[in-house]
Amino acid sequence: MSFQDVFGTAPDGSWRAPGRVNLIGEHTDYNDGLVLPIALPNRILVTAARRDDGRIAVASSGHPGVVEFAIDELAPGSVGDWAAYPAGAAWILRESGYPIGGANLLVDSDLPSGAGLSSSAALLCATSVALLGLRDIEVDPAEVARLAQKAENQYVGAPVGLMDQMASMCCTAGHALFFDIRAMATDQIPFDPPADDLALLVVDVKAPHRHVDGEYAARRQSCEQAAAELGVPALRSIAFEDLDDALARLTDDVVRRRVRHVVTEIRRVEDAVTLMRAGKLREVGPLFTASHASLRDDFEITVPELDVAVDTALAAGALGARMTGGGFGGCIIALVEAAAAEPVLAAIEKAFAEHGFSAPAALNAPPSAGASRVS
Ligand code: ADP
Ligand code: MG
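Sequential numbering from 2 applies to the sequence shown in our numbering.
The following block contains the structure:
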């Protein structure tokens, strides 16, 4: 589907924004914690042309039809379904006083949707940079990320954190983005597996999502309850060295395990960053594996497909592996010697067939760049 076919004119430019995986630091974001995402080579591409009537028309090669709306009339919920994302991006830019104007937008994607790779944030970010770029409005990437999060929260109605949008906007090739949520500070950490004869595999386990929203809310609630019981604003305030004391002060065993995950996971992010800075990428593997065990046993957000994929990757020689994302489905990542990538994948495919699971889908994921103008 070409832009000319859909809109009858030539485009003025195109902008891309990538999906992401979080290397480690799972479910610490809403505890003011630490996360370490990379951007994927897979991205959402928005090809765009200005129009001067204050209206935006959007089409996506993944969806039938064209959706059109007036920028002035946008209000949370006024546009539904997938077009809520581009509409939400336009709404928050207007609300924030940026002088965007009408546009025709064509969305194209090689990023799986709904697989936990953050196609929603990529779509918001790609639309935002396209609408800004069409009018030559320069905005700091972190600010675009913040606005995209607001759009997802307030326009689409999804209570997401800021990691996905920050990764899509601020990652750089060959690096992971160390994002300290309490400090709102970022740092680019060298992480380039191919340069070290390694590969980072991302495997979509294609598990049907089960009770995800309710379970996510329950985990958040446990963490908030624990922070209140411990008299701290968020679990980030519990130092790793004080973990045993904190656990002894909690009454509920489930809450205790949730806390242990968050506090140890934050420590694992710090350890991973230290190792990456020292160029010891292979030593990061065991941290991935420990993170998975914590998510499985203490946070209880894995499903059999995730556990089988991780266990099989490790048995086939991966240096480390873990689920990534919200849990209950989505993807695993595995750090492997480059030469082991194919055998590890083959082992996972075989194990999935033996368990009667859906066939998994793999992506090779060299850490890639954040959003940019393409043409
Ligand atoms: P994830 O962010 O993990 O991919 P979400 O459920 O948060 O999953 O976001 C997926 C939604 O984003 C889709 O249901 C759709 O509304 C929108 N989306 C993603 N990719 C596209 C696309 N190429 N075209 C149109 N909408 C898309
Ligand atoms: Mg999403």
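All residues carry an ideal CB built from backbone N, CA and C; glycine is no exception. These figures come from a predicted structure and were not determined experimentally.
What residue range is occupied by the uninterrupted beta strand (DSSP E) comprising residue i?
{"i": "Gln189", "result": "186-191"}
{"i": "Asp109", "result": "104-110"}
{"i": "Val203", "result": "199-205"}
{"i": "Gly9", "result": "Taken as a continuous stretch (DSSP letters only), Gly9 belongs to no beta strand (DSSP E), as it is neither H nor E."}
Hey, out of the options, whose CA is closest to residue i's CA?
{"i": "Leu107", "options": "Gly162, Glu139, Phe4, Ala366", "result": "Phe4"}
{"i": "Ala291", "options": "Ala319, Ala370, Arg323", "result": "Arg323"}
{"i": "Pro209", "options": "Gly115, Ala85, His262", "result": "Gly115"}
{"i": "Leu35", "options": "Ser61, Val263, Thr325, Trp83", "result": "Val263"}
{"i": "Phe329", "options": "Trp16, Val274, His28", "result": "His28"}
{"i": "Pro191", "options": "Ile39, Asp137, Leu118", "result": "Ile39"}
{"i": "Asp82", "options": "Val304, Ala339, Ala159, Ile182", "result": "Ala159"}
{"i": "Glu284", "options": "Arg297, Arg269, Met164, Ile101", "result": "Arg269"}
{"i": "Phe180", "options": "Ala218, Ser238, Gly162", "result": "Gly162"}
{"i": "Gly371", "options": "Phe8, Met2, Val22", "result": "Val22"}
{"i": "Gly103", "options": "Leu75, Ser119, Gly117", "result": "Leu75"}
{"i": "Glu1", "options": "Gly20, Trp16, Gly26, Ala11", "result": "The question about residue 1 has no answer here: the residues shown for the chain are numbered 2 through 376."}
{"i": "Ala1", "options": "Gly215, Asp254, Gly280", "result": "An answer regarding residue 1 cannot be provided, because it is not within the stretch 2 to 376 covered by the chain."}
{"i": "Arg52", "options": "Arg374, Gly318, Leu132", "result": "Leu132"}
{"i": "Gly63", "options": "Pro100, Asn105, Asp109", "result": "Asp109"}
{"i": "Gly98", "options": "Asn154, Ile138, Ser373", "result": "Ile138"}
{"i": "Ser129", "options": "Leu236, Ala85, Pro194", "result": "Ala85"}
{"i": "Leu364", "options": "Val140, Ala152, Lys207", "result": "Lys207"}
{"i": "Ala340", "options": "Leu248, Pro194, Thr303", "result": "Pro194"}
My understanding is that residue i touches residue j, with C-beta atoms under 8 Å, so please give their C-beta distance in whole angstroms.
{"i": "Gly327", "j": "Val213", "result": "6 Å"}
{"i": "Ala49", "j": "Asp13", "result": "6 Å"}
{"i": "Ile45", "j": "Ala123", "result": "4 Å"}
{"i": "Tyr378", "j": "Trp92", "result": "Lying outside 2 to 376, the shown extent of the chain, residue 378 is not represented and no answer is given."}
{"i": "Leu320", "j": "Leu336", "result": "5 Å"}
{"i": "Gly20", "j": "Ser120", "result": "6 Å"}
{"i": "Leu307", "j": "Ile334", "result": "About 11 Å separates the two Cβ atoms, so there is no contact after all."}
{"i": "Ala366", "j": "Leu201", "result": "5 Å"}
Can you pull the DSSP bridge partners for residue i?
{"i": "Ser97", "result": "According to DSSP, Ser97 bridges with nothing at all."}
{"i": "Asn23", "result": "Pro38"}
{"i": "Ser369", "result": "Ala40"}
{"i": "Ala176", "result": "The question names Ala, but residue 176 in the sequence shown is His. Looking at the DSSP assignment, His176 forms a beta bridge with Pro191."}
{"i": "Glu338", "result": "Leu199"}
{"i": "Ala58", "result": "Glu69, Asn105"}
{"i": "Asp181", "result": "Leu35, Ala186"}
{"i": "Val375", "result": "Note: Val375 sits in no beta bridge, so no partner."}
{"i": "Arg51", "result": "Ala104"}
{"i": "Trp83", "result": "Answer is none; Trp83 lacks a bridge partner."}
{"i": "Trp16", "result": "Val47, Arg374"}
{"i": "Leu282", "result": "Looking at the DSSP assignment, Leu282 forms no beta bridge with any residue, so it has no partner."}
For residue i, is the classification buried or exposed, using 16 other Cβ atoms within 10 angstroms of its Cβ as the cut-off for buried?
{"i": "Met170", "result": "buried"}
{"i": "Gln166", "result": "buried"}
{"i": "Phe241", "result": "exposed"}
{"i": "Glu266", "result": "buried"}
{"i": "Gly89", "result": "buried"}
{"i": "Gln150", "result": "buried"}
{"i": "Asp205", "result": "buried"}
{"i": "Ala11", "result": "exposed"}
{"i": "Asp6", "result": "exposed"}
{"i": "His176", "result": "buried"}
For residue i, report the span of its alpha helix (DSSP H) as first-last.
{"i": "Cys171", "result": "164-171"}
{"i": "His262", "result": "254-278"}
{"i": "Ser120", "result": "120-135"}
{"i": "His356", "result": "342-356"}
{"i": "Val68", "result": "Looking at the DSSP string, Val68 is not in any alpha helix (DSSP H); the run it does join, the beta strand (DSSP E), is 64-71."}
{"i": "Thr325", "result": "Looking at the DSSP string, Thr325 is not in any alpha helix (DSSP H); the run it does join, the beta strand (DSSP E), is 321-325."}
{"i": "Tyr217", "result": "213-231"}
{"i": "Phe289", "result": "286-298"}
{"i": "Val145", "result": "142-151"}
{"i": "Asp245", "result": "244-250"}
{"i": "Asp305", "result": "One detail in the question is off: residue 305 reads as Pro in this sequence, not Asp. It spans 305-316 - the alpha helix (DSSP H) in which Pro305 sits, taken as one unbroken run."}
Is residue i near the ligand COA, in the sense that its beta carbon is under 7 Å from a heavy atom of that ligand?
{"i": "Ala168", "result": "Summarising the ligand content, the structure contains the ligand ADP and the ligand MG and does not contain the ligand COA."}
Please tell me whether residue i has its Cβ less than 8 Å away from any Cβ of chain B.
{"i": "Thr290", "result": "The chain labelled as chain B is not found in the depicted structure, where only one protein chain is given."}
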